[in-house]
Each structure stands twice: as C-alpha cells, then as structure tokens.
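J.: Quick one: this structure, given as structure tokens, is what I'll be asking you about.
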Amino acid sequence: MFKKTLLASLAVGLLAVAPTASWAAEYTIRLSHGDNENNPTHFGAQMFERLAEEYTNGRVDVQIFPANQLGTEQEVAQALRMGAIEAEILYTGNLVPLAPSVGVMMLPYAFTSNEQVWAAMDALKEPLNERLTEEAGVRILGYFEKGFRVLTNSQRPVETIEDLEGLKIRVSKNNIAIETFKSWGLNPIPMAWAEVFPALQQGVIDGQENPYTTAISSKFYEVQTYITEIHYMIWSGPLIVSERFYQGLPADIQEALNRAGEEAAMYQRGVSGELTEEAKAKLVELGMVLSGPPKDEEKWQTAAQAIWPQFYEDIGGEAWVKEAQAIMEEAIQGN
Ligand code: MLT
95 MFKKTLLASL
105 AVGLLAVAPT
115 ASWAAEYTIR
125 LSHGDNENNP
135 THFGAQMFER
145 LAEEYTNGRV
155 DVQIFPANQL
165 GTEQEVAQAL
175 RMGAIEAEIL
185 YTGNLVPLAP
195 SVGVMMLPYA
205 FTSNEQVWAA
215 MDALKEPLNE
225 RLTEEAGVRI
235 LGYFEKGFRV
245 LTNSQRPVET
255 IEDLEGLKIR
265 VSKNNIAIET
275 FKSWGLNPIP
285 MAWAEVFPAL
295 QQGVIDGQEN
305 PYTTAISSKF
315 YEVQTYITEI
325 HYMIWSGPLI
335 VSERFYQGLP
345 ADIQEALNRA
355 GEEAAMYQRG
365 VSGELTEEAK
375 AKLVELGMVL
385 SGPPKDEEKW
395 QTAAQAIWPQ
405 FYEDIGGEAW
415 VKEAQAIMEE
425 AIQGN
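Mapping to my numbering: the sequence shown position 199 is 293, numbers consecutive.
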C-alpha cells in the first residue's frame with residue numbers, strides 16, 4: 095500500500111515537473127549511481143529528481159545516470175571532488191577510501207536494525223559534512239539504506255563459519271570489508287562493483303555480499319544459488335554532491351537540495367523495506383536457497399567486533415570514532 099501510493103505520487107510528480115525543468119533550468123545536476131533501474135537506489139534517485147526540481151521551481155534539472163554509466167562508484171566520487179560530476183549515490187563502503195570519517199558507519203555488527211541506522215545516519219549528517227567537505231570535497235544531502243548485506247555464493251549452503259573455507263568472495267574495496275572477512279578465515283577479493291556480475295558469471299569469484307534487493311535487480315539468481323543472511327553490515331549509502339558545485343549555488347537552492355535529499359532518503363528507506371520482503375519471496379521462486387542466519391553467528395560477530403580498534407586510525411582517529419559513537423548512541427536511544 096505504502097509503496098503503491100508513493101510510487102503513484104512519484105509518477106504523477108515526474109510528469110508534472112519534467113517539462114518545466116527541461117527548458118528553464120539554470121543548474122544541471124548529473125546524478126550517478128551503480129544500480130539498475132529496478133533497485134531502491136534508483137527509486138530514491140527519481141524521488142530526489144522530482145523534489146529537487148519542484149523545490150527549486152525548475153531552476154535545477156536533475157539527470158540520473160544509473161548502472162555505473164559515468165564510471166565506478168569510486169571513480170565518480172573522485173570526479174565529484176574535482177567538480178566534474180555534480181552528484182552521486184554510492185555504498186558507504188565505496189566512499190570510505192576517499193572520505194575516511196564516514197567509516198564510522200561501517201564498523202561490523204555495529205547496528206541491529208534498519209531503524210538504528212536511520213537514526214545514526216540522520217544524526218551524523220552535519221558532523222560528517224564538516225569532515226567530508228575537507229576530506230573528499232563532497233557533502234551529504236540525504237542518506238539511503240537498503241537492509242543487511244547478505245552473502246550469496248554458487249558453491250554450497252553456508253550455515254557455519256567453517257562452511258566459508260575456500261570460497262572466493264568479492265568484497266567492496268575498503269579495508270573494513272577486507273579485514274572483516276579475514277577475521278572469518280577467508281582471503282576476500284576486493285573488486286569494483288561494476289565488475290561483480292561478469293566475475294560471478296565467469297567463475298572468477300564464487301560469491302559476494304549485497305542486499306536482497308540487489309540480488310534481484312542485478313540478476314544474481316542467474317549465477318548464484320545460496321544465500322546466508324549475515325547481519326554484519328547494513329547497506330547505507332549517502333546521496334552526495336560535489337562541494338565545489340554546491341558552493342557555487344545560491345543559498346535558496348542549497349536549502350532546496352538539502353530538503354529534497356532528506357525527503358528522498360525517507361521515501362527510499364520505506365520503498366526499500368517493502369521491496370526487501372518481496373525480493374526474498376521472489377528469489378526462492380527463482381530457485382535460490384535461503385539458509386537464514388548462520389547457526390553460529392555469534393562467532394562471526396565476536397571475530398568481527400574484536401578487530402574494531404584496528405580501524406580507528408583509518409577512519410578519522412579514535413577521538414572522532416568516540417564522538418561519532420556518542421552521537422549515534424544518543425540518536426538511537428532517543429528514537
Ligand atoms: C558494492 O557492493 O560495491 C555496493 O553495495 C554496490 C551498490 O552500491 O549497490
């Protein structure tokens with residue numbers, strides 16, 4: 095019901111706004127993301143397009159480029175720093191190497207529910223912006239979320255940590271993901287998101303981890319059989335804008351973009367929750383075997399949490415980690 099109503103209003107809004115924006119726009123925002131058009135990331139991007147154009151009375155024209163058309167998530171983030179592309183939605187893990195401080199969202203097994211992540215992301219938006227504008231020349235407008243990253247593979251059901259042995263698992267290119275998988279006894283393969291499907295297809299890797307909705311939108315059911323519902327990391331992803339571009343905008347447009355980013359994120363989180371439930375049922379219909387959580391997930395959790403301190407220097411230093419954790423904790427308690 096929620097999704098149908100929101101998707102219907104999105105469709106009506108797109109029709110209403112697009113003609114104005116196409117001839118009257120003073121500013122163009124090219125918005126890149128790495129997912130296909132049936133992924134919750136894209137639905138959130140469409141909502142941002144609609145709201146940004148509406149709240150600026152068509153002075154801004156947002157053009158969406160899905161599926162890594164403008165480059166990999168990390169390449170595009172670099173281009174934002176230079177002001178060569180204006181905006182992007184990307185997995186937090188793909189931003190960490192450029193903007194270390196955002197890594198506070200990535201400590202394994204830090205969150206136990208979507209709601210906790212929403213509270214944390216919203217409370218951290220401005221403190222993070224103070225740091226990310228310096229570190230990476232980007233600013234967060236809104237924070238998207240797509241549920242837990244679940245493990246898929248083509249070889250066998252993974253029900254215990256021992257079942258991982260010998261599997262070739264791709265992870266995103268950041269130290270936290272790499273070291274977490276090492277703590278489980280694996281030697282993971284860091285790889286750009288844009289290369290994952292062909293690598294699975296060709297057997298270069300046996301598996302990967304991403305949300306249920308991505309297993310549908312990226313057609314992983316064609317090349318993967320088994321899913322294990324691990325809970326080490328929720329897919330969080332900021333909608334970022336180039337700071338160079340943003341600082342060239344008048345204050346009223348900046349304000350409108352912030353409002354559009356925050357509201358698009360709220361919408362995207364709701365749609366994602368519904369599509370996640372649908373995705374699980376569909377993946378079973380499509381022949382995938384869902385094993386649920388590992389029988390010994392506390393072992394995965396203990397191993398991954400034990401290595402938190404080794405990341406602190408890489409994600410902005412212990413003082414920042416403690417400050418961010420206090421902000422998140424307060425937001426989660428007050429939620
Ligand atoms: C990744 O695994 O690199 C990301 O989760 C892909 C995405 O942004 O959906």
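Ideal Cβ placement from N, Cα and C applies to all residues, glycine included.
So Ser330 packs on Met199, CB below 8 Å; how close in whole Å?
T.: 5 Å
J.: Confirm, please, whether the CB-CB distance from Leu125 to Glu209 is below 8 Å.
T.: No, the pair does not count as a contact, with Cβ atoms beyond the cut-off.
J.: Can Gln362 and Gly138 be called in contact, C-beta distance under 8 Å?
T.: Their beta carbons are under 8 Å apart, which means Gln362 touches Gly138 by this criterion.
J.: Examine the Cβ distances between the stretch 130-146 and the stretch 358-375 and report whether three or more of them are shorter than 8 Å.
T.: yes
J.: Answer yes or no: the CB of Leu184 versus the heavy atoms of the ligand MLT, is any distance below 7 Å?
T.: yes
J.: Would a C-beta distance cut-off of 8 Å place Gln163 and Leu192 closer than the cut-off?
T.: In this structure, Leu192 does not lie closer than 8 Å to Gln163 by Cβ.
J.: Could you tell me the alpha carbon to alpha carbon distance between Leu384 and Val378, rounded to whole angstroms?
T.: 7 Å
J.: My guess is that Ile158 and Glu143 are in contact by the Cβ rule of under 8 Å, so how many angstroms apart are they, rounded?
T.: The beta carbons of Ile158 and Glu143 sit about 6 Å from each other, so the pair counts as a contact at 8 Å.
J.: For the ligand MLT, is there a heavy atom less than 7 Å away from the beta-carbon of Asn247?
T.: no
J.: If you count every other CB in all the chains shown that lies within 10 Å of the CB of Ser195, and 16 or more means buried, which is it?
T.: buried
J.: Considering Cα atoms alone, identify which of Val190, Gln172, Leu333, Phe205 is closest to Phe238.
T.: Leu333
J.: Tell me the rounded alpha-carbon separation between Ala230 and Ala178.
T.: 14 Å
J.: So, Val317 versus Ser248, is the Cβ gap smaller than 8 Å?
T.: yes
J.: Is it buried or exposed for Gln296, if we count other Cβ within 10 angstroms and need 16 for buried?
T.: exposed
J.: Do Glu289 and the ligand MLT come close, with the Cβ less than 7 Å from some heavy atom?
T.: If you check the C-beta of Glu289 against the ligand MLT, you find no heavy atom less than 7 Å away.
J.: Quick one: Cα of Leu351 to Cα of Asp129, how far?
T.: 22 Å
J.: Have a look at Glu391 and Val252 and give me their C-alpha separation to the nearest angstrom.
T.: Going from the Cα of Glu391 to the Cα of Val252 covers about 11 Å.
J.: Contact defined as beta carbons within less than 8 Å: I believe Leu189 pairs with Ala171. What is the distance between those atoms, to the nearest angstrom?
T.: 6 Å
J.: Which word fits Pro292, buried or exposed, when buried means at least 16 other C-beta atoms lie within 10 angstroms of its C-beta?
T.: exposed
J.: Excluding the five sequence neighbours on either side, which residues of its own chain have a C-beta within less than 6 Å of the C-beta of Asn268, listed in chain order?
T.: Gly187, Val190, Pro191
J.: Measure the beta-carbon distance from Phe205 to Ile328 and round it to whole angstroms, keeping in mind my assumption that it falls under 8 Å.
T.: 6 Å
J.: Enumerate, from N- to C-terminal direction, the unbroken alpha helix (DSSP H) stretches of 4 or more residues contained entirely within the stretch 115-176.
T.: Fully enclosed alpha helix (DSSP H) runs of no fewer than 4 residues occupy 134-149, 167-176 of the stretch 115-176, in order along the chain.
J.: What runs of the alpha helix (DSSP H), each 4 residues or longer, lie entirely inside the stretch 368-403?
T.: 391-399
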